[in-house]
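Asker:
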Amino acid sequence: MSRPRLLDLFCCAGGASAGYHAAGFDVTGVDIEPQPHYPFPFIQADALTVDLSGYDVIAASPPCQRWSQATPTSRRHDHPDLVEPIRQRLREAVARGDVWGYVIENVPGSPLIEPITICGDTLRLGVRRHRLFESNLDLHGTPCHHDRSAPAVPVYGSYGQRRGRNPVDREPSRNPGAGDTSPGTPTETGRIAMGIDWMPWPNLTQAIPPAYTFWLGTQLIGHARRHTKPVTEAPRALTSSPRALTSSPRAQTSPRGETHRWEASARDASPADAGDQSRELRGSVTTRNCHCGKPLTRPATGRWPRHCSQACRQAAYRARTKENVA
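Right, here's the structure in full:
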């Protein structure tokens with residue numbers, strides 16, 4: 001079964017993208033600025049004009065300077081409000097049937113509609129970093145458990161903030177009393193606290209921890225099972241695996257008159273297949289290995305990672321892409 005596709009608008013260096021990818025999406029990033037540290041396929045384009053077709057879910061993290069507490073009140077209106085224009089684009093894309101879901105992320109105080117909150121303390125990260133998420137789908141956030149004995153690791157800074165769509169935003173905002181960057185926090189300490197190991201400090205201060213979007217991505221994958229997935233390439237041959245899907249692809253005609261093949265979804269698997277999967281999960285509670293053979297470490301959230309490192313995640317993505325092309 002092919003992985004659903006997700007387009008990450010305002011992707012920056014890919015913190016959010018990494019979480020969605022780990023949850024089971026093939027991710028492509030879009031940003032108006034070059035992003036040399038972005039670990040997945042990347043399109044340099046304007047989020048308000050880039051083509052949204054060909055994806056299942058659109059994620060967007062419009063610039064937060066207008067709503068951020070780090071921006072002086074007198075300067076906030078110097079920054080554009082891109083939340084409403086992005087929301088309008090995504091709602092129109094859902095209404096047309098181009099995508100079936102969207103998620104918009106921003107900081108507390110931003111004008112998101114009925115958002116959920118995710119807390120880094122609850123996910124047992126080294127940062128608290130509350131973030132809001134709006135969606136057209138039923139998603140659940142986390143409660144707040146600020147019960148750690150040690151203070152949260154400070155990972156913030158004005159240097160390297162995302163640049164906006166007009167010249168005013170070329171000057172980064174300031175956080176009075178806090179300085180330009182987190183005082184005394186080594187980059188490696190910040191990376192560990194955020195669960196990110198590939199981006200430099202300026203990107204790190206603006207990133208969304210991958211654990212946040214992994215939390216959301218696993219819920220989105222559940223929604224994906226209730227949405228058929230159009231594929232334009234020929235279906236792969238069935239394997240001899242007991243968990244291989246046995247339903248044959250069926251032809252459908254899209255509203256645009258295009259004929260696609262539709263792959264069977266995971267819900268079409270037989271009860272025996274589901275039993276095999278359950279036994280596999282039960283048998284791997286105490287130990288799991290990465291595809292490279294190295295043992296995986298189960299995090300405090302209780303979910304197993306798919307890969308032992310970002311390098312292995314990228315290698316697996318390249319191998320899968322090469323297989324699809326072949």
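All letters in the sequence shown, in the order written, are residues 1 to 326 by full-length UniProt numbering. All C-beta atoms, glycine included, are put in the ideal place defined by N, C-alpha and C.
#1: State the DSSP-derived secondary structure class of Phe214, mapped to helix, strand or coil.
#2: Pair every Cβ in the segment 110–119 with every Cβ in the segment 137–146, then say whether three or more of these pairs are closer than 8 Å.
#3: How about Leu6 and Val30: do their beta carbons lie closer than 9 Å?
#4: With distance defined between alpha-carbon atoms, name the residue in Val57, Ser149, Gly15 nearest to His101.
#5: Our contact map puts Met194 next to Val127 with C-beta atoms below 8 Å; I'd like the distance itself, whole angstroms only.
#6: Once the 5 residues before and after His21 are set aside, which same chain residues still bring their CB inside 6 Å of it?
#7: Decide if Cys12 is buried, meaning its Cβ has at least 16 other Cβ atoms within 10 Å, or exposed.
#8: Quick check on the DSSP output: the beta strand (DSSP E) that includes Gly190 runs from which residue to which?
#9: When you compare only the Cα positions, how much space is there between Pro154 and Pro186?
#10: Would you grab the beta carbon distance between Gly217 and Gly24 for me? Rounded to a whole angstrom, and I think it's under 8 Å.
#11: When you measure from the CB of Ala45 to every non-hydrogen atom of the ligand HEM, does any distance come out below 8 Å?
#12: List in chain order: all unbroken alpha helix (DSSP H) runs of 4+ residues lying wholly within the segment 71–142.
#13: Under 9 Å between the Cβ atoms of Val99 and Leu90?
#14: Taking the Cβ atom as the reference point for each residue, do Leu82 and Ala59 lie within a distance shorter than 9 Å?
#15: Inspect the beta-carbon positions of Leu139 and Tyr212 and report whether they are closer than 9 Å.
#16: Over what stretch of residues does the beta strand (DSSP E) that includes Gly19 continue unbroken?
#17: Less than 9 Å between the beta carbons of Arg131 and Val103, yes or no?
#18: On a CA-only basis, which of Pro202, Gly97, Ile208 is nearest Pro36? Give me that one, please.
#19: Just verifying my parser: in three-state terms, what is the DSSP assignment at Ile221?
#20: Going by DSSP in three states, Thr321 sits in which element: helix, strand or coil?
#21: Of the residues Asp121, Gly157, Ala18, Leu125, which one's Cα is nearest the Cα of Asp147?
#22: Within a Cβ cutoff of 7 Å, which residues of the same chain sit near Tyr38, ignoring the five residues on either side of it in sequence?
#23: Just verifying my parser: in three-state terms, what is the DSSP assignment at Arg3?
#24: Cβ of Ala18 within 9 Å of Cβ of Ile221?
#25: When we look at the beta-carbon of residue 372 and count the other beta-carbons within 10 Å, is it buried (16 or more) or exposed?
#26: Would you mind sorting Ser53 into buried or exposed? The rule is 16 or more other CB atoms within 10 Å of its CB.
#27: Can the beta-carbon of Ala16 be found closer than 9 Å to that of Glu105?
#28: DSSP state of Gln206, grouped into three classes?
#29: Does Ala316 come out as helix, strand or coil in the three-state DSSP assignment?
#30: What are the boundary residues of the beta strand (DSSP E) that includes Ala59?
#31: With burial defined as no fewer than 16 other Cβ atoms inside 10 Å of the residue's Cβ, what is the status of Gln206: buried or exposed?
Answerer: The answer reads as follows:
#1: When secondary structure is reduced to three states using DSSP, Phe214 falls in the helix class.
#2: Yes, the segment 110–119 is in contact with the segment 137–146.
#3: In this structure, Val30 does not lie closer than 9 Å to Leu6 by Cβ.
#4: Strictly speaking, residue 101 in this sequence is Gly, with His absent from that position. For Gly101, the nearest C-alpha among the options comes from Val57.
#5: 6 Å
#6: Val27
#7: Answer is buried; the Cβ neighbour count reaches 16.
#8: Note, Gly190: premise wrong, no beta strand (DSSP E); alpha helix (DSSP H) at 187–194.
#9: 10 Å
#10: 7 Å
#11: Questions concerning the ligand HEM fall outside what the structure shown contains, since it holds no ligand whatsoever.
#12: As far as the segment 71–142 is concerned, its whole alpha helix (DSSP H) runs of at least 4 residues are 83–96.
#13: Going by C-beta atoms, Val99 is nearer than 9 Å to Leu90.
#14: no
#15: no
#16: Where Gly19 is concerned, there is no enclosing beta strand (DSSP E), although the alpha helix (DSSP H) it sits in stretches over 15–23.
#17: no
#18: Pro202
#19: helix
#20: In the structure shown, Thr321 sits in a helix (DSSP, three-state: H, G or I).
#21: Asp121
#22: Around Tyr38: Cys11, Ala13, Gly14, Gly29.
#23: coil
#24: In this structure, Ile221 does not lie closer than 9 Å to Ala18 by Cβ.
#25: Since the first residue shown for the chain is 1 and the last is 326, residue 372 is missing from the structure and cannot be characterised.
#26: exposed
#27: yes
#28: coil
#29: helix
#30: 57–60
#31: buried
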